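Novice: Okay, so the sequence shown: first residue is 139 according to the working numbering, each after it adds one.
C-beta atoms are modelled at their ideal positions from N, C-alpha and C, and glycine is treated no differently.
Here the structure is a predicted model, which is why all the values come from computation and not from measurement.
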Amino acid sequence: MGVRNQLVTTLASFAALAGFDASRLMADEYKQAPGLVLEAEQLLLVDGFEPVRMGEGNLLVDTGGTHSLSGERVALLQPGQSGLARGLIRLPEKGTYRLWVRYEHVPGTAAPLTVRVMQGNLRHEVVIGLQGSPRYAPGDLEPRVRHPQTQEAMGLYEEAFTLEGLQSGEAWVELVGSELPAAEKSRQTARSIDCLVLTRDVQDTWRTHHARQTPRYPVLDLVRDLNPPQWEARFRHQGDKGARPTATHLLTRQPWGASTGPLLASDANPHGDLAPGAWSAWVAIPLKETTSAGMTVFNGPDALMEMEIRPVGGGEVTSLAGRKSLRAFLPPYPGFDDKPMAAETAQKAVLATLAGLKPPGKKPASPLVFAGFLPVGAEGEYGKNYARLHAALGLVAWHPGSSGSRWRENLREAGAAAPVSAGVAAPGNAPLPRNVEPAKLQLQREGLLGQAAWYDLGDDWDLAAWVGLYLDEEVEKARVQQRGRLTHAKILNTLWIEWLDKNRPGAKATDYWLGAWGVFDKLRMRPDASAEAARGSPLLYLDSVKFYEGLVLPWLADGARRVRRSLGRDVRVGATCNTGAEGLADPLNLVLFKSGAADWIRPAGAGWRQGLLGSVALGLIDEECRAALRGNPRGTLRAQVLADVPGGTTDDFLCEAITHLAHGAGSLDLGGVGMEETQPGHHIDHRSLARYQAVRDLTHAVGFVEDLLATAQPVVSPVAVLLSSSTLRWDVAGVSGEKGNIQWQAAGPGTLRTTYQLERLGIHTAFTALGCPADVVLEEECSAEGLAGRKVLVLVGDCLPEALAGKVEAWVRQGGTLLATASAGRWDELHRPQKAFDSLLGLARRVSAERDSHVRGRWELPGLTTLDAVAGPSWFMPALAVHERVETAEGTEVVARFQSDRSPAVCLRRLGEGRVISVSALPGLAALWTAVQPGDSPDQGEKAHRSPVRLDPGARQLLDEVLQAADVERTVRVELESGKHLVDARLLQAEGGYVLPMAHHGKPEAGSVVVRVRLPREPKRVASAWHGQLPCVYQEGEAVITLPVMGAVDLLRLDMPAP
């Protein structure tokens, strides 16, 4: 969906925009049956139920039409509580009806609720929300009992029932919730009712009809058509001839728009003409969407047009005036302290709010925060106001999603500085001549070629997509050079055989052949990186991945050079890094940025949208991205922090942004910050003044430290956690496609392993809580030279190269401390058993078995069964997911034992100047498991934004003892009570000083808070973006800083004296 400015169109063109054949829809013989809608807004909430607006406490958050409510509120009853809501309806005719109940649903959970329809002595009663109820999921034409238990499967579901014997006239509908015993509340979600529909269409023909245009939620079109118009308008214009006012609704859900045609058309006035100077009669505004208070554009003559809007039948009047187009935000329903608002009025309200509140920090001058989809170049006050908003928000870069021909004039008039940075972005923006050259021409036309800084390859790329483009180019080259007709299969066969001859000269060709392919035929040999190949031939699987990477990466690097030749040598090329469950990385990312094919990486989206354990999980993803970028001198982490409303809370938004800065983000991308009409998927609700303030405050806080951020990097940690590409390959092997593309949507038990990713997250979180945030390192960095200066290395992952054991041993002998968790190195990179790591760990024998491999933090983790407990000297820790038993070799000490059989659980081997500590359990997983108890519904409500704070005390103590044994000094310590607070803080070193971003997880502290930062010498000044200069005392190598209060975030700068 692109930027939408002054969109004037017809139903046919909107349908074409959405990819539908409007002529088929219009020719459909479907006839709507009588019916009615009972919205949550229309219910009388007698007891227990409460009205909850989208994004303010309901289960789901709508972005891009994924979870569109009818109306903007649900009637919500908390899990297990009793409640009653009722509504009076008027049935249009007697007969049999279908009752449709629409509610928010998280698969795998239950939300039982009784629905009654009562008319005289007739009483229909049904129960919805049971775990085994047949439901219509988004996009379903038939109900199903089983639905995938994934983030993507969450949505607004419907249940349908047939009600016989109803008469025309009044009837009552009741929603009744019963209180449940505490033991039965597990995996219960809130009863969150959107609306009820009763229709005489007992064959459900409406569903197939509306699904042609709105496949995800056809019921919303039915609701729109059954609902009577809620708003009416009248018009007057000063043109010199008759005019025909029309309206275009800009929607935040598919089909993204609808046009009314002439509003004044009638039998007496078939063309809807309105003479100059006279008010029209009041006319209802049809086709108004019920899902949001989106914008409607009223189109008229190129002359002064006046307009008044009110609820149908009378009420408060809203007046608008302007030329050509009048823009107004119309609420779905009158009332709720909400009314129509002119777009310019909404813009001015935001500008007034920003002008009335002093920002923190200082006005930014560097393009470190990107945001856009602002039509700053639109004509009139509408465009000028957006230009003023661009300036007021502190934006200094030109976002490719912003638009309008008058943007330079409007920005100049708004007092905004000329853009100092510009980017290029488009869907499928591969670095091919057909994309790069038009981008250059566009930048030249806009006068921005000299400011070009970013080339965005787009979202949703994977290895298969790149391979496909490469092969397409080779086919075209052969056609142009008249070398005959080539196919993808022929090219791959030739290149694959050449690769094997060069890289595997002694290998047998039959070792790279699957039995399912039939009789061996060299001319049919091909690479295959699929899950089937991984199961049948690990050698074929891994070598195919290497082949595809070797094919594509040089080609992409050539493309990146093409971009720089055309757009400027300083332009950075990069893309969004899409991840799987728990932030599991695509292995391609670990090599893409070291090859020269890309320079920047943007981790995808908000943690709560991905089902992650709060923004602290984003910190680990950032560290993994930094590891992938290491060695690339142009490498930049460009974090995505969507400012969307509906979305997370303002504190969540700021917490995510500061977390990214703490873990090395060089810039922040906030996505769309325009109002609803600018970008359906990413926008800020025009009424959300607080979010606009938060965006402004963030840009100015970053401006406060921008001179330091230009060169800042996280201080190298004495602690490192291994991200093993060998283990990662086998984590994703079950969802790997033939060309190495990771099919995240196919993930599930038995296909995708997430245990070791959660283990890394738990260890990362615990070290952060202990004041020593860890770096992430890759296999190739694990050597005596690569680990020089580090004191602790944590080995996580069951598949490790055999040669790695010797390299790590050399580092340990020089004084390093190795911590290996369960199953570490049990297999080599080809998933063959090995003993190299048993020897390194000082184990004579080790037997490991995975009991749980597909574990997600907010889904399976809370319900994991403990396999045992580890009993340390003064602590206990649960053993989860992996059952491991070991026998120690001579010289290896037992530090802790399993509680059940007293077998060794934590072992210590002294090796040279260092030590090796092996744990036959997963302390990171244990840390998180305790923190997420008791388990909650994995929805997108308030709890989805919380990071794990109450980490398992035994796991925390174990990791603390490892740090003490290695004599690790803590970098940053915030003096708050552990178990109630977790502050994600990481010191960034720059030329001239340090930056300390702090994201606080826990309740705000009213009193002063002490922060201790280890520094080589005393800072000359310490200041906060929010609180100004701070008191600081330098004691025993630490700067002891006093904050007046610890809110959700803070950003400190520590200026150092010249050396």
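If you reduce the DSSP assignment to three classes, tell me which class GLU1220 lands in.
Specialist: Nothing about residue 1220 can be reported from this structure: the residues present for the chain run from 139 to 1197 only.
Novice: Rounded to a whole number of angstroms, what is the C-alpha to C-alpha distance between ARG1191 and GLY1166?
Specialist: Walking along the sequence shown from the start, residue 1191 turns up at place 1053. Walking along the sequence shown from the start, residue 1166 turns up at place 1028. Rounded to the nearest angstrom, the two C-alpha atoms are 10 Å apart.
Novice: Would the beta-carbon of LEU1063 fall within 8 Å of that of ARG834?
Specialist: Residue numbering aside, residue 1063 sits at position 925 when the sequence shown is read from its first letter. Residue numbering aside, residue 834 sits at position 696 when the sequence shown is read from its first letter. In this structure, ARG834 does not lie closer than 8 Å to LEU1063 by Cβ.
Novice: Nearest CA to the CA of THR906: which residue from MET433, LEU916, THR1004, VAL1110?
Specialist: To locate residue 906, count along the sequence shown from 1; it is residue 768. Comparing Cα-Cα distances from THR906 to each of MET433, LEU916, THR1004, VAL1110, the minimum goes to VAL1110.
Novice: Please report the straight-line C-alpha distance between GLY909 and ARG1094, rounded to a whole angstrom.
Specialist: By one-based count along the sequence shown, residue 909 stands at place 771. By one-based count along the sequence shown, residue 1094 stands at place 956. Their backbone Cα atoms lie some 12 Å apart in a straight line.
Novice: In this structure, how does DSSP classify CYS910 when only helix, strand and coil are distinguished?
Specialist: Within the sequence shown, the letter at position 772 stands for residue 910. Coil, per DSSP.
Novice: With a CB to CB cut of under 8 Å and the five nearest residues on each side skipped, what residues in its chain are close to ARG372?
Specialist: As a first step, residue 372 is located in the sequence shown; it is residue number 234 there, counting from the start. Within the same chain, ARG372 has close Cβ partners TRP417, SER418, ALA419, TRP420, VAL421, MET445, GLU446.
Novice: Taking C-beta to C-beta, are PHE1057 and THR959 nearer than 8 Å?
Specialist: Residue 1057 sits at position 919 when you count from the first residue of the sequence shown. Residue 959 sits at position 821 when you count from the first residue of the sequence shown. The amino acid occupying residue 1057 in the given sequence is Val; Phe does not appear at that position. Yes, Cβ-Cβ distance for VAL1057 and THR959 is below 8 Å.
Novice: Can you tell which of GLU317, VAL946, VAL1087 has its C-alpha closest to the C-alpha of VAL217?
Specialist: In the sequence shown, residue 217 corresponds to position 79, counting from 1. According to the sequence as given, residue 217 is Pro; it is not Val. When each option's Cα is compared against that of PRO217, the closest is GLU317.
Novice: Tell me whether ILE629 sits in a helix, a strand or coil according to DSSP, three-state version.
Specialist: Counting from one through the sequence shown, the residue named residue 629 turns up at place 491. Residue state, collapsed to three classes: helix.
Novice: DSSP three-state call for ASN437: helix, strand or coil?
Specialist: Within the sequence shown, residue 437 is the residue found at index 299, counting from 1. Three-state DSSP puts ASN437 in a strand.
Novice: Whole angstroms is fine: what's the gap from VAL141's alpha carbon to MET1184's?
Specialist: Your numbering for residue 141 matches position 3 in the sequence shown. Your numbering for residue 1184 matches position 1046 in the sequence shown. Its pLDDT being 32, under 50, VAL141 is placed unreliably in this model, and the value from its coordinates should be taken loosely. Computed Cα separation, rounded: 39 Å.
Novice: Please state the DSSP three-state secondary structure of SER855.
Specialist: For the purposes of this step, residue 855 is identified with residue 717 of the sequence shown, where counting begins at 1. Of the three classes helix, strand and coil, the one that applies to SER855 here is coil, per DSSP.
Novice: Figure out for me which residue from ALA466, PRO367, GLY606 has the closest Cα to the Cα of GLY452.
Specialist: Position 314 of the sequence shown, counted from the first residue, corresponds to residue 452. Of the listed residues, the one whose Cα sits closest to GLY452 is PRO367.
Novice: Rounded to the nearest angstrom, what separates ALA1027 and LEU1114 at their Cα positions?
Specialist: Within the sequence shown, numbered from 1, the residue matching residue 1027 stands at position 889. Within the sequence shown, numbered from 1, the residue matching residue 1114 stands at position 976. Going from the Cα of ALA1027 to the Cα of LEU1114 covers about 42 Å.
Novice: Assuming contact is defined by CB atoms lying nearer than 8 Å, are LEU1101 and PRO1061 in contact in what I supplied?
Specialist: Position 963 of the sequence shown, counted from the first residue, corresponds to residue 1101. Position 923 of the sequence shown, counted from the first residue, corresponds to residue 1061. No, the Cβ-Cβ distance between LEU1101 and PRO1061 is not below 8 Å.
Novice: Can you give the Cα-Cα distance for ASP708 and GLY510, rounded to whole angstroms?
Specialist: As a working note, residue 708 is residue 570 in the sequence shown. As a working note, residue 510 is residue 372 in the sequence shown. The straight-line gap from Cα to Cα measures roughly 22 Å.
Novice: Between VAL488, SER986, ALA431, which has its C-alpha nearest ALA832's C-alpha?
Specialist: On the sequence shown, position 694 is the one that residue 832 refers to. For ALA832, the nearest C-alpha among the options comes from VAL488.
Novice: Just curious, the beta strand (DSSP E) that GLN257 is in, first and last residue?
Specialist: Position 119 of the sequence shown, counted from the start, is the residue given in the question as residue 257. Run containing GLN257: 251-257, per the beta strand (DSSP E) assignment.
Novice: Could you tell me whether the stretch 557-575 touches the stretch 531-544, using the rule of 3 or more Cβ pairs below 8 Å?
Specialist: Yes, they touch.
Novice: Going along the chain, which residues of its own chain have a beta-carbon closer than 6 Å to the beta-carbon of SER504, five neighbours each way excluded?
Specialist: As a first step, residue 504 is located in the sequence shown; it is residue number 366 there, counting from the start. Only GLU844 meet the Cβ criterion.
Novice: How big is the Cα-Cα spacing for GLY395 and TRP634?
Specialist: Against the sequence shown, residue 395 aligns to sequence position 257. Against the sequence shown, residue 634 aligns to sequence position 496. Each residue's alpha carbon lies about 49 Å from the other.
Novice: Could you tell me whether the stretch 342-351 touches the stretch 243-250, using the rule of 3 or more Cβ pairs below 8 Å?
Specialist: Contact fails: fewer than three Cβ-Cβ distances are below 8 Å.
Novice: Just to confirm before moving on: does the CB-CB distance between THR429 and TYR830 stay below 8 Å?
Specialist: For this step, residue 429 is matched to residue 291 along the sequence shown. For this step, residue 830 is matched to residue 692 along the sequence shown. Cβ atoms of THR429 and TYR830: not closer than 8 Å.
Novice: Terminal residues of the continuous beta strand (DSSP E) containing SER463?
Specialist: Here residue 463 refers to the residue found at position 325 when the sequence shown is read from its first residue. Where SER463 is concerned, the enclosing beta strand (DSSP E) stretches over 456-467.
Novice: Quick one: give me the first and last residue of the beta strand (DSSP E) that ASP807 is part of.
Specialist: Here residue 807 refers to the residue found at position 669 when the sequence shown is read from its first residue. ASP807 -> beta strand (DSSP E) spans 805-810.
Novice: Can you have a look at TYR894 and say buried or exposed, based on whether 16 or more other CB atoms are within 10 angstroms of its CB?
Specialist: Numbered from 1 along the sequence shown, position 756 holds the residue referred to as residue 894. With 16 or more Cβ atoms within 10 Å of its Cβ, TYR894 is classed as buried.
Novice: Evaluate LEU1134 with the Cβ neighbour count: other Cβ atoms within 10 Å of its Cβ, from every protein chain shown; 16 or more gives buried, anything less gives exposed.
Specialist: Counted from its first residue, the sequence shown places residue 1134 at position 996. With 16 or more other Cβ atoms within 10 Å, it is buried.
Novice: According to the neighbour-count rule (16 or more other Cβ atoms, all chains shown, within 10 Å of its Cβ), is PHE135 buried or exposed?
Specialist: Any answer about residue 135 is impossible in this case: the structure gives the chain only from 139 up to 1197.
Novice: What are the uninterrupted segments assigned as beta strand (DSSP E) that are 3 or more residues long and contained completely in the stretch 223-298, given in chain order?
Specialist: Listed in chain order, the complete beta strand (DSSP E) runs (minimum 3 residues) inside the stretch 223-298 are 233-243, 251-257, 260-266.
Novice: Compute the distance between the beta-carbons of ARG898 and ALA719, then report whether it is under 8 Å.
Specialist: The residue given as residue 898 occupies position 760 in the sequence shown. The residue given as residue 719 occupies position 581 in the sequence shown. Not a contact, by the Cβ cut-off of 8 Å.
Novice: Which first and last residues belong to the beta strand (DSSP E) in which PHE474 is found?
Specialist: On the sequence shown, residue 474 is found 336 positions in, with the first residue counted as 1. Note, PHE474: premise wrong, no beta strand (DSSP E); not H, not E.
Novice: Alpha helix (DSSP H) containing TRP1013: first to last residue?
Specialist: Locating residue 1013 in the sequence shown gives position 875, counting from the first residue. Segment: none, TRP1013 is in no alpha helix (DSSP H) and carries neither H nor E.
Novice: For ALA249, I'd like the list of residues in its chain whose CB is within less than 6 Å of its CB, leaving aside the five on either flank, ordered along the chain.
Specialist: Within the sequence shown, numbered from 1, the residue matching residue 249 stands at position 111. Excluding sequence neighbours, ALA249 sits near GLY267, THR327, ARG329.
Novice: Starting from the C-beta of GLN289, find all residues in its chain whose C-beta is less than 6 Å away, skip the five residues before and the five after it, and write them out in chain order.
Specialist: Position 151 of the sequence shown, counted from the first residue, corresponds to residue 289. Contacts found: GLY749.
Novice: Just verifying my parser: in three-state terms, what is the DSSP assignment at VAL1033?
Specialist: Along the sequence shown, read from residue 1 onward, the residue named residue 1033 stands at position 895. The answer is strand: DSSP assigns VAL1033 an E or B state.
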